[in-house]
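>
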Amino acid sequence: MNDPQYASVAVGDHVPAREPLPPEHGHDRYALDVRDLWAGYPGQPPAIEGVDLRVPVGELVGLIGPNGAGKSTLFKAILGLIRPQRGEVLAFGRHIEKARDDIAYMPQVEEVDWDFPVSVMDVVLMGRYHGFRPFRRWSAADRSAASDALERVHLSEFAARQVGRLSGGQRRRVLMARAIARGARLLLLDEPFAGLDAAVQHDLVAILDELAQGGTSVLLATHDLTCVANSCDEAVCLNGRLIAAGRPADVLTPEILAETFQRHLLTIPGVHGGVIEVGAADGAPRES
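Pasting the structure below:
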């Protein structure tokens, strides 16, 4: 279904919970701990209000909500790209300012200048920056990490290609490779699957799951409710404020999704666990 006002999710086939990680994987049980966060833009009401959010170490957490819900604003506030109006953000038990090297960010593809004359490898190598170091010479370790990241997202053959010549899906994979190459313990991914076909998305989810098994934590914003239901350890519903958070089977219910998306929801029988469909604002169901 291509209608942006219409999405579906099969609930019930959630991946098994991972085994708890040993203490050495972090100074705190949470990779990210957001407390009473308010943030927005000058001259406008707050885009998010009073958000409390936690990402456990070594888990995939899916952040869902309608357009304009504040998902990108939340990411920018966490990263310090905009200044929070109120609240606190901790990463691995430390103030976010002291944990920058532990975090990698994948922005939406529309936020990147793809006309800049650099190669795919150049973009991925940029993920190796830790602090501002102009005219840096890339080490063998940097190049190895970048090459490994490109291989993981199946773009090795495009390493020398100019980024402006890539398709939309390839550009998203480049951004994910850049985030992976950083070697950070926490990944923030903003709409990583938009524009990708099912096979590529499946491969990237498998990569994220592998990273989580090794102790990397992932917070991903997405409109793909099926991905959250079947591949994430936890789901978070946001619409200006936190609506709900918890295991997908507990959060992705008709009542909670109706409050989140403010649209009619219909549970269709005949599919394992049921299918929840987010329909039009007028409540009229549509055929899928």
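The sequence shown maps to residues 57 to 344 in the working numbering. The C-beta atom is built at its ideal place from N, Cα and C for all residues, glycine as well.
1) Return the chain-ordered list of same chain residues with a C-beta closer than 7 Å to the C-beta of residue 106, the five sequence neighbours on each side being excluded.
2) Taking C-alpha atoms, which residue in 269, 318, 249 lies nearest to residue 284?
3) Output the boundary residues of the alpha helix (DSSP H) element that contains residue 288.
4) Could you pull out every residue in the same chain whose Cβ sits closer than 6 Å to the Cβ of residue 132, ignoring the five residues on either side in sequence?
5) For the alpha helix (DSSP H) that contains residue 178, what are its first and last residues?
6) Tell me whether residue 209 sits in a helix, a strand or coil according to DSSP, three-state version.
7) Under the three-state reduction of DSSP, which class applies to residue 130: helix, strand or coil?
8) With a threshold of 16 other CB atoms inside 10 Å of the CB of residue 257, please say whether the residue is buried or exposed.
9) How would you call residue 127, buried or exposed, if buried means at least 16 neighbouring beta carbons within 10 angstroms?
10) Assuming residue 227 contacts residue 165 (C-beta within less than 8 Å), just tell me the rounded distance between them.
11) Note down, in chain order, each residue of its chain lying with its Cβ closer than 6 Å to the Cβ of residue 83, except the 5 sequence neighbours on either side.
12) Rounded C-beta distance between residue 294 and residue 121? I'm assuming under 8 Å.
13) Let me know if residue 317 comes out buried or exposed under the rule of 16 or more other beta-carbons within 10 Å of its beta-carbon.
14) So within the region 235-286, which uninterrupted beta strand (DSSP E) runs reach at least 3 residues, ignoring any that extend past its ends?
15) Quick one: measure Cβ to Cβ for residue 224 and residue 251, integer angstroms, because I've assumed they're closer than 8 Å.
16) Using alpha carbons as the reference points, say which of 119, 125, 111 lies closest to residue 102.
17) Pull up the CB-CB distance for residue 90 and residue 134, whole angstroms please, since I reckon it's below 8 Å.
18) Flag this pair as yes or no: are the beta carbons of residue 268 and residue 116 separated by less than 8 Å?
19) State the DSSP-derived secondary structure class of residue 216, mapped to helix, strand or coil.
20) Please confirm whether residue 173 and residue 218 have their CB atoms less than 8 Å apart.
21) Does DSSP put residue 125 in a helix, a strand or coil?
22) What distance in whole Å lies between the Cβ atoms of residue 182 and residue 215, which are believed to be in contact at a cut-off of 8 Å?
23) Less than 8 Å separating the beta-carbons of residue 237 and residue 202?
On the basis of the data shown:
1) For the purposes of this step, residue 106 is taken as the residue at position 50 of the sequence shown. Result list for residue 106: 92, 94, 297, in chain order.
2) Numbered from 1 along the sequence shown, position 228 holds the residue referred to as residue 284. Distance check between residue 284 and each of 269, 318, 249 places 249 closest, using alpha-carbon atoms only.
3) Here residue 288 refers to the residue found at position 232 when the sequence shown is read from its first residue. Going by DSSP, residue 288 is part of no alpha helix (DSSP H) at all; its letter is neither H nor E.
4) As a first step, residue 132 is located in the sequence shown; it is residue number 76 there, counting from the start. Taken in chain order, the residues that qualify are 138.
5) Taking the sequence shown and counting its residues from 1, the one referred to as residue 178 is at position 122. Run containing residue 178: 176-182, per the alpha helix (DSSP H) assignment.
6) Walking along the sequence shown from the start, residue 209 turns up at place 153. Of the three classes helix, strand and coil, the one that applies to residue 209 here is coil, per DSSP.
7) Along the sequence shown, read from residue 1 onward, the residue named residue 130 stands at position 74. In this structure, DSSP gives residue 130 a helical state, which the three-state scheme calls helix.
8) Counting from one through the sequence shown, the residue named residue 257 turns up at place 201. Residue 257 should be labelled buried.
9) Looking up residue 127 in the sequence shown gives position 71. Per the 10 Å Cβ criterion, buried.
10) Residue numbering aside, residue 227 sits at position 171 when the sequence shown is read from its first letter. Residue numbering aside, residue 165 sits at position 109 when the sequence shown is read from its first letter. Residue 227 to residue 165, Cβ: 5 Å. Contact.
11) Residue mapping note: residue 83 aligns to position 27 of the sequence shown, counting from 1. Confidence at residue 83 is low in this model, with a pLDDT of 48, below 50, so its placement is unreliable and no value can be given for it.
12) For the purposes of this step, residue 294 is taken as residue 238 along the sequence shown, with counting starting at 1. For the purposes of this step, residue 121 is taken as residue 65 along the sequence shown, with counting starting at 1. In this structure residue 294 is in contact with residue 121, their Cβ atoms being roughly 4 Å apart against a cut-off of 8 Å.
13) Counted from its first residue, the sequence shown places residue 317 at position 261. Buried.
14) Given a length threshold of 3 residues, each whole run of the beta strand (DSSP E) inside the region 235-286 is given here in chain order: 242-246, 273-277.
15) As a first step, residue 224 is located in the sequence shown; it is residue number 168 there, counting from the start. As a first step, residue 251 is located in the sequence shown; it is residue number 195 there, counting from the start. Going by Cβ atoms, the distance from residue 224 to residue 251 rounds to 4 Å, so yes, they are a contact pair.
16) In the sequence shown, counting from the first residue as 1, residue 102 sits at position 46. Considering only alpha carbons, the answer is 125.
17) Working through the sequence shown from its first residue, we reach residue 90 at position 34. Working through the sequence shown from its first residue, we reach residue 134 at position 78. About 7 Å; that satisfies the 8 Å criterion.
18) Taking the sequence shown and counting its residues from 1, one reaches residue 268 at position 212. Taking the sequence shown and counting its residues from 1, one reaches residue 116 at position 60. Yes. Within cutoff.
19) Here residue 216 is taken as the residue at index 160 of the sequence shown, counted from 1. Residue 216 falls in the coil class under three-state DSSP.
20) Counting from one through the sequence shown, the residue named residue 173 turns up at place 117. Counting from one through the sequence shown, the residue named residue 218 turns up at place 162. In this structure, residue 218 lies closer than 8 Å to residue 173 by Cβ.
21) The residue labelled residue 125 in the question sits at position 69 within the sequence shown. The answer is coil: DSSP assigns residue 125 none of H, G, I, E or B.
22) The count along the sequence shown starts at 1 and reaches residue 215 at position 159. The count along the sequence shown starts at 1 and reaches residue 182 at position 126. For a cut-off of 8 Å, the C-beta gap from residue 215 to residue 182 is around 14 Å, too long to register as a contact.
23) Residue mapping note: residue 237 aligns to position 181 of the sequence shown, counting from 1. Residue mapping note: residue 202 aligns to position 146 of the sequence shown, counting from 1. The criterion of a C-beta distance shorter than 8 Å is satisfied by residue 237 and residue 202.
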